[in-house]
């Protein structure tokens with residue numbers, strides 16, 4: 184195998200020069216989204232003046248783009264009967280269980296082969312390698328690398344699953360597509376909004392198949408509800424509501440086990456940090472590595488881990504997935520004090536067609552909202568394997584109560600197969616990069632709104648954000 188492509192550095196900081204060739208953020212720059220506290224995010228932008236009364240300065244802030252390869256590899260042309268060879272980038276809990284083991288369990292059925300794994304933590308990498316070799320006779324050649332770029336340079340690999348921490352999603356996906364690999368990316372699509380548009384552009388530039396890993400978007404009932412609403416039978420859509428709430432109890436959400444043996448001898452800490460602020464390796468660093476979803480530098484917490492599971496299928500079920508025009512959000516952290524991210528969030532989003540959506544998320548109370556769409560003529564209540572459309576009182580004689588059902592359900596293996604079929608035939612994926620960008624815009628603006636205590640406005644045509 185040839186040497187990995189020459190890049191300025193293994194550091195993600197050198198791969199992502201900044202935020203907004205693809206996205207200009209007015210009023211709040213990427214640092215405001217990623218690292219600064221709310222007070223810092225609301226402060227005047229460098230170089231601008233603060234108007235009388237302390238109002239936030241809206242001087243445009245623009246940062247350089249994600250660095251891209253100058254050479255695009257078209258990759259192998261895959262025929263209908265060709266075996267697809269897959270690597271998994273990031274083989275922690277989800278990467279190992281759902282993807283290395285999950286894909287291996289369907290190798291024969293889907294005519295695929297898992298032959299590559301990458302992780303900065305040696306014990307995880309060795310575990311993945313052992314799983315790739317398990318119950319295989321003769322044993323195939325498999326590739327286990329700490330530097331994911333070596334796998335991207337490997338012509339034996341056709342496609343990758345990106346299951347790294349959130350702050351690494353964008354560079355891995357972009358470099359994979361430039362290297363000619365098809366991509367399945369765990370949610371959220373990216374850590375930052377500008378990165379989402381960089382991936383949209385990269386997918387268009389390369390033509391690679393991209394699936395965002397929200398398996399609920401492969402649930403047939405969501406598509407059936409979307410078709411029903413799109414038919415106009417409930418009238419103009421007015422509001423919608425959804426939630427993802429759970430309660431981890433006294434232990435606290437995302438407090439995964441910490442391996443006491445982790446250290447510089449078996450973990451590339453600097454590589455893992457990437458563009459995040461540099462920190463020495465110590466007990467705090469160990470906490471951040473194993474429980475990264477608790478910290479803004481690497482994760483959006485509820486907004487990144489839980490919200491996409493509802494937002495993706497909910498946009499499909501609306502019948503017309505759109506970018507938001509306005510988003511406002513309130514996040515609180517009153518119970519889980521051992522983290523930076525919120526333990527409860529309330530998000531309101533408005534869309535160009537006029538409807539608004541409420542999303543509630545919590546890791547400290549498991550009672551959420553009933554998924555609902557309210558139209559001018561009827562209301563759709565989600566229930567079990569489908570939904571029920573009930574006419575509003577003024578239209579009770581015109582409309583009948585309708586049960587909307589579609590068999591099939593959702594699963595990660597089913598979502599994998601949707602991606603694999605698309606690679607072979609060019610058929611549509613259920614969670615495309617375009618849908619992913621719409622989801623990311625909502626959750627990214629929600630984070631900006633909550634942390635800066637401002638309503639955020641989005642212009643789809645110019646890909647710009649400003650504080651309202």
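Numbering (the numbering used here), first residue to last: 184 to 651.
From the three backbone atoms N, C-alpha and C, an ideal C-beta is built for every residue, glycine too.
Remember, it's a predicted structure, so these values are computed and weren't measured experimentally.
Between 527, 346 and 394, which lies nearest to residue 609 when the distance is taken from Cα to Cα?
-> The sequence position of residue 609 within the chain shown is 426, counting from 1. Among 527, 346 and 394, the Cα nearest to that of residue 609 is on 394.
Per-residue burial, residue 404 [other beta carbons within 10 Å of its own, 16 or more giving buried] = Position 221 of the chain shown, counting from 1, holds the residue named residue 404. It is buried - the Cβ of residue 404 has at least 16 other Cβ atoms within 10 Å.
Measure the C-alpha to C-alpha separation of residue 313 and residue 397 and round it to an integer number of angstroms.
-> Position 130 of the chain shown, counting from 1, holds the residue named residue 313. Position 214 of the chain shown, counting from 1, holds the residue named residue 397. About 27 angstroms.
Apply the 10 Å Cβ neighbour rule to residue 414 and answer buried if 16 or more other Cβ atoms are within range, or exposed otherwise.
-> On the chain shown, position 231 is the one that residue 414 refers to. Exposed.
Is residue 475 closer than 8 angstroms to residue 348 when the C-beta atoms are compared?
-> Position 165 of the chain shown holds residue 348. Position 292 of the chain shown holds residue 475. Result yes, Cβ atoms of residue 348 and residue 475 sit closer than 8 angstroms.
Is the segment 373 to 393 touching the segment 347 to 361, taking contact as three or more C-beta pairs under 8 angstroms?
-> yes
Range of the contiguous alpha helix (DSSP H) that encloses residue 467 | Walking along the chain shown from the start, residue 467 turns up at place 284. Here the alpha helix (DSSP H) through residue 467 covers 466 to 473.
Terminal residues of the continuous alpha helix (DSSP H) containing residue 608?
-> Counted from its first residue, the chain shown places residue 608 at position 425. Start and end: 595 to 608.
Close beta carbons around residue 623, own chain, < 7 angstroms, minus the five adjacent residues each side = What you label residue 623 is simply residue 440 of the chain shown in a count that begins at 1. Hits under 7 angstroms: 371, 372, 373, 376 and 379.
Cβ separation of residue 267 and residue 295, assumed to be a contact under 8 angstroms, to the nearest whole Å = Counting from one through the chain shown, the residue named residue 267 turns up at place 84. Counting from one through the chain shown, the residue named residue 295 turns up at place 112. With 8 angstroms as the limit, residue 267 and residue 295 qualify as a contact, their Cβ atoms being about 5 angstroms apart.
Unbroken alpha helix (DSSP H) run spanning residue 619, endpoints = Here residue 619 refers to the residue found at position 436 when the chain shown is read from its first residue. Start and end: 616 to 635.
Excluding the five sequence neighbours on either side, which residues of its own chain have a C-beta within less than 6 angstroms of the C-beta of residue 522, listed in chain order?
-> As a position in the chain shown, residue 522 is number 339, starting the count at 1. Counting only Cβ-Cβ distances below 6 angstroms, and skipping sequence neighbours, we find 477.
Could you check the C-alpha separation between residue 167 and residue 513 for me, to the nearest Å?
-> Since the first residue shown for the chain is 184 and the last is 651, residue 167 is missing from the structure and cannot be characterised.
May I ask which residues mark the beginning and end of the alpha helix (DSSP H) holding residue 411?
-> The sequence position of residue 411 within the chain shown is 228, counting from 1. Start and end: 403 to 413.
Straight-line gap, residue 497 to residue 567 (C-alpha atoms, nearest Å) | Indexing the chain shown from 1 puts residue 497 at position 314. Indexing the chain shown from 1 puts residue 567 at position 384. Rounded to the nearest angstrom, the two C-alpha atoms are 15 angstroms apart.
Would you tell me roughly how many angstroms separate the C-alpha atoms of residue 466 and residue 446, rounded to the nearest one?
-> Working through the chain shown from its first residue, we reach residue 466 at position 283. Working through the chain shown from its first residue, we reach residue 446 at position 263. C-alpha separation (whole angstroms): 10 angstroms.
Count the other CB atoms, across all protein chains shown, that sit within 10 Å of the CB of residue 651; report buried if there are 16 or more and exposed otherwise.
-> Sequence index remark: in the chain shown, residue 651 carries index 468 (1-based). Residue 651 should be labelled exposed.
Does the beta-carbon of residue 641 have 16 or more other beta-carbons within 10 angstroms, so that it is buried, or is it exposed?
-> Locating residue 641 in the chain shown gives position 458, counting from the first residue. Flag for residue 641 reads buried.
Quick one: grab the DSSP three-state call for residue 517.
-> In the chain shown, residue 517 corresponds to position 334, counting from 1. Three-state result, residue 517: coil.
Roughly how many whole angstroms lie between the Cα atoms of residue 409 and residue 592?
-> Locating residue 409 in the chain shown gives position 226, counting from the first residue. Locating residue 592 in the chain shown gives position 409, counting from the first residue. C-alpha separation (whole angstroms): 15 angstroms.
Starting from residue 485, follow the alpha helix (DSSP H) in both directions and report where the run begins and ends.
-> Along the chain shown, one-based indexing puts residue 485 at 302. Its alpha helix (DSSP H) spans residues 485 to 488.
Which term fits residue 441, buried or exposed, when burial requires 16 or more other beta carbons within 10 angstroms of its beta carbon?
-> Residue mapping note: residue 441 aligns to position 258 of the chain shown, counting from 1. Exposed.
So who's on the other strand from residue 585, going by DSSP bridges?
-> Numbered from its first residue, the chain shown carries residue 585 at position 402. According to DSSP, residue 585 bridges with 572.
Pick helix, strand or coil for residue 325, following the three-state DSSP scheme.
-> Working through the chain shown from its first residue, we reach residue 325 at position 142. Three-state DSSP puts residue 325 in coil, outside helix and strand.
The alpha helix (DSSP H) enclosing residue 387, as first and last residue numbers = Along the chain shown, read from residue 1 onward, the residue named residue 387 stands at position 204. Where residue 387 is concerned, the enclosing alpha helix (DSSP H) stretches over 376 to 389.
Residues near residue 605 in its chain [Cβ-Cβ closer than 6 angstroms; skip 5 each side] | Here residue 605 corresponds to residue number 422 of the chain shown, with the count starting at 1. Counting only Cβ-Cβ distances below 6 angstroms, and skipping sequence neighbours, we find 392 and 612.
Quickly, what does DSSP pair residue 427 with across the bridge? List them, please.
-> Within the chain shown, the letter at position 244 stands for residue 427. For residue 427, which the question treats as bridged, DSSP gives the partners 544.
Under the criterion of a Cβ to heavy atom distance below 7 angstroms, does residue 596 qualify as lining the ligand FMN?
-> What this structure holds is no ligand at all, so the ligand FMN is not there to describe.
Does DSSP classify residue 240 as helix, strand or coil?
-> By one-based count along the chain shown, residue 240 stands at place 57. For residue 240, the predicted structure reports a pLDDT of 34, less than 50, and the residue's modelled location is therefore unreliable. The matter cannot be settled from this model.
In angstroms, rounded to a whole number, what distance separates the CA positions of residue 587 and residue 360?
-> Looking up residue 587 in the chain shown gives position 404. Looking up residue 360 in the chain shown gives position 177. Rounded to the nearest angstrom, the two C-alpha atoms are 38 angstroms apart.
Sheet register partners of residue 272 (DSSP bridge) | Taking the chain shown and counting its residues from 1, the one referred to as residue 272 is at position 89. Answer is 301 and 345, bridged to residue 272.
Would you decide whether residue 332 is buried or exposed? Buried here means 16 or more other CB atoms lie within 10 Å of its CB.
-> Along the chain shown, one-based indexing puts residue 332 at 149. Flag for residue 332 reads buried.
For residue 365, which beta-bridge partners are listed by DSSP?
-> For the purposes of this step, residue 365 is taken as residue 182 along the chain shown, with counting starting at 1. Answer is 342.
Compare the Cα-Cα distances from residue 306 to each of 367, 432 and 448 and report the closest residue.
-> To locate residue 306, count along the chain shown from 1; it is residue 123. Taking only the C-alpha atoms, the option nearest residue 306 is 448.
Is the distance from the Cβ of residue 423 to the Cβ of residue 501 below 8 angstroms?
-> Indexing the chain shown from 1 puts residue 423 at position 240. Indexing the chain shown from 1 puts residue 501 at position 318. Yes, these two residues count as a Cβ contact at 8 angstroms.
With which residues is residue 296 paired in a DSSP beta bridge?
-> As a first step, residue 296 is located in the chain shown; it is residue number 113 there, counting from the start. DSSP output for residue 296 lists 268 as bridge partner(s).
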